[in-house]
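K.L.:
According to the working numbering, the sequence shown is numbered sequentially starting from 4. Yeah, the Cβ is synthetic: ideal placement off N, Cα and C, and Gly gets one too. The structure displayed is predicted, hence computed values, not measured ones.
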Amino acid sequence: MLFVRLVRILEEALFPSKCMGCGSFFHSPGDAAKRDYSSAEAYELDTMTFEKVMAPFLCTDCLCNFLPVESPLCSVCGFVFNSREGDDHVCGNCIEHPKRFGKARALGIYDKTLMEVIHSFKYKEKLQLARPLEELLFSVFARNWNMDDFDLVVPVPLHVKRIRKRGFNQAYYLVRGWPEIAGKFKAGNFDIRQDALYRTAWTEPQTGLGRKKRMENIRGAFSVSDEFKVTGKRVLLVDDVYTTGATVNECAKAILGGGAVSVDVLTLARAV
Ligand SMILES: [Zn+2]
Ligand SMILES: [Zn+2]
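(1) Please state whether the Cβ-Cβ distance between T206 and N220 is less than 9 Å.
(2) Checking 9 Å against the spacing of the C-beta atoms, do V227 and L269 come in under that value?
(3) Given a threshold of 16 other Cβ atoms within 10 Å of its Cβ, counted over all protein chains shown, does D229 qualify as buried or as exposed?
(4) Run the proximity test for C25: is its beta-carbon closer than 8 Å to any non-hydrogen atom belonging to ligand 1?
(5) Quick check on the DSSP output: the alpha helix (DSSP H) that includes P182 runs from which residue to which?
(6) Let me know the alpha helix (DSSP H) ranges lying completely inside the segment 78–127, each 4 residues or longer, listed in chain order.
(7) Take F144 and list the residues in its own chain whose beta-carbon comes closer than 6 Å to its own, dropping the five residues that flank it on each side.
(8) Which residue wins for smallest C-alpha separation from G223, given the options L5, V251, C80?
(9) Quick one: residues with CB closer than 5 Å to any heavy atom of ligand 2, in chain order, please.
(10) Considering only the beta carbon of each residue, do F60 and C22 sit closer than 9 Å?
(11) Three-state secondary structure (DSSP) at T270?
(12) Just to confirm the assignment, what range does the alpha helix (DSSP H) spanning L259 have?
(13) Can you grab the Cα-Cα spacing for the pair L212 / M218, in whole Å?
(14) Please go through the same chain and pick out, in chain order, the residues whose beta-carbon is closer than 6 Å to the beta-carbon of R38, but skip the five residues on each side of it.
(15) Could you check whether the Cβ of C254 sits closer than 8 Å to any heavy atom belonging to ligand 1?
(16) Tell me the rounded alpha-carbon separation between E88 and L13.
(17) Specify, as a first and last residue, the run of the beta strand (DSSP E) that R202 falls within.
(18) Tell me which residue opens and which closes the beta strand (DSSP E) that F69 is part of.
(19) Helix or strand or just coil, what does DSSP make of P158?
(20) Are the segment 80–96 and the segment 128–139 in contact at 8 Å, needing three or more beta carbon pairs?
(21) Say the cut is 8 Å; is the CB of L61 nearer than that to a heavy atom of ligand 1?
(22) Based on Cα-Cα distance, which residue from C67, K102, C77 lies nearest to H92?
(23) With the cut-off set at 9 Å, would you say E138 and I98 are in Cβ contact?
(24) Using 8 Å as the cut-off, classify the Cβ of D64 as near or not near the heavy atoms of ligand 1, replying yes or no.
(25) Find out if the Cβ-Cβ distance for the pair I112, R273 is shorter than 9 Å.
(26) In chain order, which continuous runs of the alpha helix (DSSP H) of length 4 or greater are located wholly inside the segment 203–246?
(27) Between which two residues does the alpha helix (DSSP H) harbouring R196 extend?
(28) Which residues share a DSSP beta bridge with L76?
(29) Would the beta-carbon of F6 be found less than 8 Å away from any heavy atom of ligand 1?
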């Protein structure tokens, strides 16, 4: 339809998209870049890259400023080493303070673009970012683990007070659609349970606290639920950001205490 196309072109010229990273106006690649979820192609791992998935939402500068998590990194906590050469190995921190979880992996470095995107999603309620972020997080999962090795995916819970304030748990919104995506890969037979773990204590935001303070702040803040048992389960714990690892480590402790077989950690971003 020529008319529809003309209207689109005019619309695009008059109302360019607002970048969800830096807030500047940009000309979105439009419908061509929108992912067609009815096609199998949308679920090929090599099409699930940050540049491709985020193109309708971010300006070119923000797309370029995304920093992926790449080897060499700590084989346990996923810390990205400064040196860009050599193999993955266990970092000093993990040797000194052994972690409760098996391994932690993330999509990108918590800086620049990814930091802005997560802020837009979490604090400005740009919920249209949920689907692309969910898809990107899933692609990191599929690249780093065998999907069939998990029984349960658990988002890091928020305290009820914070849920009431924000209206949603961002970690849950990063995995909500996973069963559908996993179905496209014909793999994975896991449950997603928001109620497997809950926050027993109200904790002040961890932002601005050092490693030691974060550990003290969060100690004993999580419990496994009585209604939904984690006993015998292989668990993937999901959160938006891995900062010092204090939160996910505390969650892993509670989940393993509840009888889970293993806990691994997946986050969108990794602070360095
Ligand atoms: Zn931008
Ligand atoms: Zn480490």
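P.N.:
For this structure:
(1) Within the sequence shown, numbered from 1, the residue matching residue 206 stands at position 203. Within the sequence shown, numbered from 1, the residue matching residue 220 stands at position 217. Yes, they are a contact pair.
(2) As a working note, residue 227 is residue 224 in the sequence shown. As a working note, residue 269 is residue 266 in the sequence shown. Contact flag unset, no.
(3) Residue numbering aside, residue 229 sits at position 226 when the sequence shown is read from its first letter. Exposed is the call here.
(4) Residue mapping note: residue 25 aligns to position 22 of the sequence shown, counting from 1. Yes, Cβ of C25 sits closer than 8 Å to a heavy atom of ligand 1.
(5) Within the sequence shown, numbered from 1, the residue matching residue 182 stands at position 179. Unbroken alpha helix (DSSP H) run through P182: 181–188.
(6) 95–99, 115–126
(7) One-based indexing of the sequence shown puts residue 144 at position 141. Answer for F144: L269, listed in chain order.
(8) As a working mapping, residue 223 is identified with position 220 in the sequence shown. Of the candidates L5, V251, C80, the one whose C-alpha sits nearest the C-alpha of G223 is V251.
(9) C77, V79, C80, F82, C94, C97
(10) Here residue 60 is taken as the residue at index 57 of the sequence shown, counted from 1. Here residue 22 is taken as the residue at index 19 of the sequence shown, counted from 1. Closer than 9 Å, so yes.
(11) Your numbering for residue 270 matches position 267 in the sequence shown. Correct three-state label for T270: strand.
(12) Here residue 259 is taken as the residue at index 256 of the sequence shown, counted from 1. Looking at the DSSP string, the run of the alpha helix (DSSP H) that includes L259 is 249–260.
(13) Numbered from 1 along the sequence shown, position 209 holds the residue referred to as residue 212. Numbered from 1 along the sequence shown, position 215 holds the residue referred to as residue 218. The alpha-carbon atoms of L212 and M218 are separated by roughly 9 Å.
(14) Counting from 1 along the sequence shown, the entry for residue 38 is found at position 35. Result list for R38: A45, in chain order.
(15) Within the sequence shown, residue 254 is the residue found at index 251, counting from 1. No, since every heavy atom of ligand 1 falls outside the 8 Å radius drawn around the Cβ of C254.
(16) Taking the first residue of the sequence shown as position 1, residue 88 is located at position 85. Taking the first residue of the sequence shown as position 1, residue 13 is located at position 10. Using only the alpha carbons, I get a separation of about 49 Å.
(17) By 1-based counting over the sequence shown, the position of residue 202 is 199. Note, R202: beta strand (DSSP E), 200–202.
(18) Here the question's residue 69 lines up with position 66 in the sequence shown. Element bounds for F69: n/a, residue is neither H nor E.
(19) Within the sequence shown, residue 158 is the residue found at index 155, counting from 1. In the structure shown, P158 sits in a strand (DSSP, three-state: E or B).
(20) no
(21) As a position in the sequence shown, residue 61 is number 58, starting the count at 1. L61 Cβ: within cutoff of ligand 1.
(22) For the purposes of this step, residue 92 is identified with residue 89 of the sequence shown, where counting begins at 1. Here the closest residue by C-alpha is C77.
(23) Indexing the sequence shown from 1 puts residue 138 at position 135. Indexing the sequence shown from 1 puts residue 98 at position 95. In this structure, I98 does not lie closer than 9 Å to E138 by Cβ.
(24) In the sequence shown, counting from the first residue as 1, residue 64 sits at position 61. Yes - ligand 1 has a heavy atom lying nearer than 8 Å to the Cβ of D64.
(25) To locate residue 112, count along the sequence shown from 1; it is residue 109. To locate residue 273, count along the sequence shown from 1; it is residue 270. Going by C-beta atoms, I112 is nearer than 9 Å to R273.
(26) 214–221
(27) Within the sequence shown, residue 196 is the residue found at index 193, counting from 1. Note, R196: premise wrong, no alpha helix (DSSP H); not H, not E.
(28) Working through the sequence shown from its first residue, we reach residue 76 at position 73. In DSSP, L76 forms a bridge with V83.
(29) Within the sequence shown, numbered from 1, the residue matching residue 6 stands at position 3. Result no, Cβ not under 8 Å from ligand 1.
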